[in-house]
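Enquirer:
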Amino acid sequence: MKKTDRLTFWESLIIMLVMFGLLGTMMIAWKMTPQIPILLTFTLLLFYGKFRGFSWNELQEGITEGIKPGIIPMIIFIMIGVLVSAWSMSGVIPTIMVYGLELLNVRFFLFTVFISCCLVGIIVGSSFTTISTLGIVFMGIGQVMGINMALTAGSIVSGALFGNNMSPLSGTTNLATGIAGVNNVFDHIKTIAHTAIPSAIVTAIIFLVVGHATTNPNMSSVHHIINALNSNFFISPLMLIPIAVLIFCAIIQIPAIPILLSGSITAIIMHVLISHPSVKTISNQIMNGFQLNSPDKKINAIVSGGGITSMLSSISLILVALTLGGVLLKMGVINNLIGKMTVQVNTPGKLILTSMISAIGVNFLVGEQYISIILPGTTFRNNFKKQDIQPVYLSRVLASGGADINALVPWGVTGIFISGVLGVSPFVFISCAFYVWLNPLLTVIFAFVFGKNYNGKKVLAPKVSQKVIEEIN
1 MKKTDRLTFW
11 ESLIIMLVMF
21 GLLGTMMIAW
31 KMTPQIPILL
41 TFTLLLFYGK
51 FRGFSWNELQ
61 EGITEGIKPG
71 IIPMIIFIMI
81 GVLVSAWSMS
91 GVIPTIMVYG
101 LELLNVRFFL
111 FTVFISCCLV
121 GIIVGSSFTT
131 ISTLGIVFMG
141 IGQVMGINMA
151 LTAGSIVSGA
161 LFGNNMSPLS
171 GTTNLATGIA
181 GVNNVFDHIK
191 TIAHTAIPSA
201 IVTAIIFLVV
211 GHATTNPNMS
221 SVHHIINALN
231 SNFFISPLML
241 IPIAVLIFCA
251 IIQIPAIPIL
261 LSGSITAIIM
271 HVLISHPSVK
281 TISNQIMNGF
291 QLNSPDKKIN
301 AIVSGGGITS
311 MLSSISLILV
321 ALTLGGVLLK
331 MGVINNLIGK
341 MTVQVNTPGK
351 LILTSMISAI
361 GVNFLVGEQY
371 ISIILPGTTF
381 RNNFKKQDIQ
391 PVYLSRVLAS
401 GGADINALVP
411 WGVTGIFISG
421 VLGVSPFVFI
431 SCAFYVWLNP
441 LLTVIFAFVF
451 GKNYNGKKVL
461 APKVSQKVIE
471 EIN
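Under full-length UniProt numbering, the first residue of the sequence shown carries the number 1, and numbering increases by one thereafter.
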């Protein structure tokens, strides 16, 4: 008997419902730290798997395979902790905050944040990079201006993910394109633009309306913050050099880890040349985060942060979430559920809705965006081929339902990352990440309204897909 056949569909469905019930009760109702509910759920699943005939070696293989896709993201988390600390101690973040406070109008703040993150996201092709650089700065500025943190975080996340969707440099964009079998990434971008741009326009309007309802901040307080930043840091256009280095590295498509290291090293070198700190001070701040000890506690709270230790909680959450997802995959729970969904999807609307639900479901079960793209993509690709639906519509589903929705999963890699970097609980910012909700919704609506026009020449490229899968693995 095959391993994936050991559990029936109904058994897999019950496991999923019980798992969500446990996680929801413990995390939302009882407000427990996410690591503990996931670990308890994993423990129950592990022993149930053993009871149902899986060997310890098989279950351990599932754990290993589940963790593997998260290794690079976890290293990126560490590098981001280093980057934030380096940019804080050197004055990069304070410099951008000073310029932002001097130039930004509070009524247009949320709109400006959204548009800025859209543009930078398209240029660098990484939502993680956009959020960990511009995002941190805008959170600080928003805090000074008295803007609701959930709205600020929502505008950052919305802009970063729109940029990620529309950038030919994006890793998830290229993965979705490859898995769906689209030969040209720009064909995918043209197609996703049909839903992404309207979603972005609606999102921008929402932030404009909400922004105009915001009361003006106490300008004396803002000027006090600007003066305090000028007193404690070297504020100069020169401090924008690390940002330029980071963006340049992203444009020439250097991988994320060396990009973040380049931005960090540049900032540290400038800090050494300007402030002459000791090696011990720098190493302590890289490890434990930058801590400003000025008389102004508000300034201290705004600019302090970063460091490797600040990311350890997020990394532990990724580990336990991917461990749970790996066991679910090994036991065949996810394949059973997705496989059943391929039945009776005989129209473009039904097929795209089912594919979307599948991608979203894998996101909540596994918490990993790459798997949420690969599993539904490989499962439904033949269905798209049978219905003569162009693969760009599958890649659009994978990008919006697989990559984007991961930001809305409290135990998902992206959701954990955003929460850790911006300092806002996932349960707070997800309600304000309007673009992330709108894009998948429009994708499904358009499928039912315009689905009859989705037929066309198939441009499947299995070799490209296999290459992408091998790179991820």
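Ideal Cβ placement from N, Cα and C applies to all residues, glycine included.
Pull up the CB-CB distance for Ile75 and Ile257, whole angstroms please, since I reckon it's below 8 angstroms.
Expert: That belief holds up - the Cβ atoms of Ile75 and Ile257 are roughly 6 angstroms apart, short of 8 angstroms.
Enquirer: Assuming contact is defined by CB atoms lying nearer than 9 angstroms, are Phe114 and Ser167 in contact in what I supplied?
Expert: Cβ atoms of Phe114 and Ser167: not closer than 9 angstroms.
Enquirer: Among the candidates Leu246, Gly163, Gly66, whose CA atom is the shortest distance from the CA of Leu328?
Expert: Out of Leu246, Gly163, Gly66, Gly66 has the C-alpha closest to the C-alpha of Leu328.
Enquirer: Tell me the DSSP secondary structure of Ile405 in three-state form.
Expert: Of the three classes helix, strand and coil, the one that applies to Ile405 here is helix, per DSSP.
Enquirer: Under three-state DSSP, which class holds Gly305?
Expert: It is a strand residue.
Enquirer: Which of the three DSSP states is assigned to Phe51 in this structure?
Expert: Reduced to three states, the DSSP call for Phe51 is helix.
Enquirer: So the candidates are Lys68, Gly91, Leu375, Ser170; which of them puts its Cα closest to the Cα of Val137?
Expert: Val137 has its Cα closest to that of Gly91, out of Lys68, Gly91, Leu375, Ser170.
Enquirer: With Phe9 as the anchor, note down where its alpha helix (DSSP H) starts and where it stops.
Expert: Run containing Phe9: 9 to 24, per the alpha helix (DSSP H) assignment.
Enquirer: Hey, how far is the Cα of Ser304 from the Cα of Asn288?
Expert: Near 11 angstroms, if we compare the C-alpha coordinates of Asn288 and Ser304.
Enquirer: Buried or exposed, going by whether 16 or more other CB atoms sit within 10 Å of the CB of Phe20?
Expert: Flag for Phe20 reads exposed.
Enquirer: According to the neighbour-count rule (16 or more other Cβ atoms, all chains shown, within 10 Å of its Cβ), is Glu368 buried or exposed?
Expert: Glu368 comes out buried.
Enquirer: In terms of residues, what are the limits of the alpha helix (DSSP H) holding Asp187?
Expert: That run of the alpha helix (DSSP H) goes 185 to 212.
Enquirer: Along the chain, where does the alpha helix (DSSP H) containing Cys432 start, and where does it finish?
Expert: Cys432 -> no alpha helix (DSSP H), and no H or E assigned at all.
Enquirer: Should Phe417 be labelled buried (16 or more other beta-carbon atoms within 10 Å of its own) or exposed?
Expert: By the neighbour-count rule (16 or more Cβ atoms within 10 Å), Phe417 is buried.
Enquirer: Please determine, among Val424, Lys298, Met270, Ser372, the residue with the shortest C-alpha to C-alpha distance to Trp87.
Expert: Checking every option, the nearest Cα to that of Trp87 belongs to Met270.
Enquirer: Between Gly420, Ala160, Ala193, Lys298, which lies nearest to Asn227 when the distance is taken from Cα to Cα?
Expert: Among Gly420, Ala160, Ala193, Lys298, the Cα nearest to that of Asn227 is on Lys298.
Enquirer: What do you get for residue 480, buried or exposed, if any count of 16 or more other CB atoms within 10 angstroms of its CB means buried?
Expert: Outside the shown range of the chain (1 to 473) lies residue 480, about which nothing can therefore be said.
Enquirer: Tell me the DSSP bridge mates of Phe290?
Expert: Phe290 is bridged to Gly305.
Enquirer: Exposed or buried, His188, counting other C-beta atoms within 10 Å across all chains shown (16 or more means buried)?
Expert: Burial call: buried.
Enquirer: Please determine, among Ile156, Val366, Ser116, the residue with the shortest C-alpha to C-alpha distance to Ile63.
Expert: Measuring from the Cα of Ile63, the nearest candidate turns out to be Val366.
Enquirer: So, helix, strand or coil for Gln143, using DSSP?
Expert: Looking at Gln143 - three-state DSSP - the assignment turns out to be helix.
Enquirer: For a quick check, are the C-beta atoms of Thr130 and Ile147 less than 9 angstroms apart?
Expert: No, these two residues do not count as a Cβ contact at 9 angstroms.
Enquirer: Based on Cα-Cα distance, which residue from Gly100, Asn284, Gly326 lies nearest to Lys68?
Expert: Considering only alpha carbons, the answer is Gly326.
Enquirer: Closer than 7 angstroms by C-beta to Pro277: which residues in its own chain qualify, once you throw out the five before and the five after it? Chain order, please.
Expert: The residues are His271.
Enquirer: In chain order, which continuous runs of the alpha helix (DSSP H) of length 4 or greater are located wholly inside the region 68 to 150?
Expert: Runs of the alpha helix (DSSP H) inside the region 68 to 150: 71 to 90, 92 to 103, 109 to 124, 127 to 130, 136 to 145.
Enquirer: Could you check whether the region 204 to 211 touches the region 110 to 128, counting it as contact only if at least three pairs of C-beta atoms, one from each stretch, sit closer than 8 angstroms?
Expert: Yes, they touch.
Enquirer: State whether the region 349 to 356 contacts the region 305 to 318, with contact taken as three or more CB pairs (one from each stretch) at a distance under 8 angstroms.
Expert: Not touching, per the Cβ criterion.
Enquirer: Assess contact between the region 367 to 383 and the region 47 to 57, defined as three or more Cβ pairs (one per stretch) separated by less than 8 angstroms. Is contact present?
Expert: Counting Cβ pairs under 8 angstroms, fewer than three are found: no touch.
Enquirer: Going straight from the alpha carbon of Ile14 to that of Thr8, what length do you get?
Expert: Between Ile14 and Thr8, the C-alpha separation is close to 10 angstroms.
Enquirer: For the region 214 to 294, which segments carrying the alpha helix (DSSP H) assignment without a break, of at least 4 residues, lie completely within its bounds, in sequence order?
Expert: DSSP runs (the alpha helix (DSSP H)) wholly in the region 214 to 294: 219 to 232, 241 to 251, 256 to 275, 279 to 288.
Enquirer: Sorted by chain position, which residues of the same chain lie with C-beta nearer than 7 angstroms to Asn216's C-beta, five sequence neighbours on each side aside?
Expert: The answer, listed in chain order, is Val106.
Enquirer: Measure from the alpha carbon of Asn232 to the alpha carbon of each residue in Ser275, Ile259, Ile241, then state which is nearest.
Expert: Nearest option by C-alpha distance: Ser275.
Enquirer: My output table needs one value for Gly415: the three-state DSSP class, helix, strand or coil.
Expert: Gly415 falls in the helix class under three-state DSSP.
Enquirer: Any contact of the region 395 to 413 with the region 428 to 439, i.e. 3+ C-beta pairs under 8 angstroms?
Expert: The region 395 to 413, when compared against the region 428 to 439, does touch it at the 8 angstroms Cβ threshold.
Enquirer: In the DSSP assignment, the alpha helix (DSSP H) including Leu353 goes from what residue to what residue?
Expert: Residues 348 to 366.
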